[in-house]
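As structure tokens, the structure follows; a few thoughts come after it.
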Amino acid sequence: MSDFLEVMKGRRSIRRYLPKEISDETMQTVLESVRWAPSWANSQCWELILISDQNLKRDLQSAVSERNPSTNAVVDAPVLIALCGKLKSSGYYKGSAPTKFGDWFMFDLGIMCQTICLAAHAVSLGTVVVGLFDHERAGEIVGLPADHEVVALIPMGYSDQQPSPPKRKEMAEFCHHNIFGRS
Ligand SMILES: Cc1cc2nc3c(=O)[nH]c(=O)nc-3n(C[C@H](O)[C@H](O)[C@H](O)COP(=O)(O)O)c2cc1C
Numbered sequence: 012m013s014d015f016l017e018v019m020k021g022r023r024s025i026r027r028y029l030p031k032e033i034s035d036e037t038m039q040t041v042l043e044s045v046r047w048a049p050s051w052a053n054s055q056c057w058e059l060i061l062i063s064d065q066n067l068k069r070d071l072q073s074a075v076s077e078r079n080p081s082t083n084a085v086v087d088a089p090v091l092i093a094l095c096g097k098l099k100s101s102g103y104y105k106g107s108a109p110t111k112f113g114d115w116f117m118f119d120l121g122i123m124c125q126t127i128c129l130a131a132h133a134v135s136l137g138t139v140v141v142g143l144f145d146h147e148r149a150g151e152i153v154g155l156p157a158d159h160e161v162v163a164l165i166p167m168g169y170s171d172q173q174p175s176p177p178k179r180k181e182m183a184e185f186c187h188h189n190i191f192g193r194s
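For the sequence shown, the positions run 12 to 194 when the working numbering is used.
The structure is reproduced here in structure tokens:
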């Protein structure tokens, strides 16, 4: 457990990468973790596109604003992963969505996203979740079918920086005792 907490607390968003390739074996280890992420009724609605082609990375970079702090990481990381989700498969029962929230694909992809980032960190790879970009354009670039969405881009590679952890809320700020607002 202490190893797990170490991985959890030690993971940082990495936005500068060394020009060092990721071996197939290391990549397989990271991707294997995705298979074990939980999802709504085990729907596993995710699709991952692993991009190593520099031209394709540059095309995707054009969908990310220049003001995004991870714009360069999208091209500089040896691998860019596009996290995609199939619509209307998570959160559905017999074709209808029984909960207030409708499609749960964002939720399942969020869990999977954290799983992949932690697995990467455990094998000394850095990642950053990039969520602020033109999702329509990114979908067109990677040739996504209409019933799928690109939710996030994850640059992945060996880190060329050691960022300090951004400040976290204290537990008491988000934990409530029995009733909301009671500490
Ligand atoms: C859903 C999501 C979207 C994010 N989008 C971006 C982004 O577009 N650009 C960026 O540089 N960082 C992005 N981040 C990274 C966060 O800024 C970062 O996780 C947060 O500041 C905490 O820092 P840490 O990851 O080092 O703990 C995103 C993170 C998440 C979870």
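Just so you know, even glycine gets a beta-carbon here, dropped at the ideal spot from N, CA and C. None of the values given here were measured: they were computed from a predicted structure.
Cβ neighbours of residue i in the same chain (closer than 6 Å, five flanking residues each side left out)
i     : result
Leu59 : Ile92
Arg27 : Asp171 and Gln172
Arg23 : Pro174
Under the three-state DSSP convention, the category residue i falls into
i      : result
Ile33  : coil
Trp57  : strand
Ser194 : coil
Leu143 : coil
His132 : helix
Asn175 : For the record, residue 175 in the displayed sequence is Ser; it is not Asn. Ser175 falls in the coil class under three-state DSSP.
Val1   : Outside the displayed span of the chain (12 to 194) sits residue 1, for which this structure offers no information.
Ile165 : strand
Gly21  : helix
Glu151 : helix
Glu181 : coil
Cβ shell of residue i (< 8 Å), same chain only, five flanking positions each side left out
i     : result
Thr37 : Val134 and Leu136
Lys31 : Pro89, Gly168 and Tyr169
8 Å contact criterion, which residue i and residue j should meet: CB distance rounded
i      : j     : result
Asp119 : Ser44 : 14 Å between Cβ atoms; not a contact.
Gly96  : Cys56 : 5 Å
Any non-hydrogen atom of ligand 3 within 7 Å of residue i CB
i     : result
Asn83 : Ligand 3 is not part of the structure shown, which contains ligand 1 as its ligands.
Cβ neighbours of residue i in the same chain (closer than 7 Å, five flanking residues each side left out)
i    : result
Gly2 : Since the first residue shown for the chain is 12 and the last is 194, residue 2 is missing from the structure and cannot be characterised.
Is the number of C-beta pairs between the stretch 106–113 and the stretch 67–83 that are closer than 8 Å three or more?
no
Which residue spans inside the stretch 48–124 form an unbroken beta strand (DSSP E) run of at least 3?
57–62 and 90–97
For the stretch 73–91 against the stretch 166–177, are there 3 or more C-beta pairs whose distance is under 8 Å?
Counting Cβ pairs under 8 Å, three or more are found: they touch.
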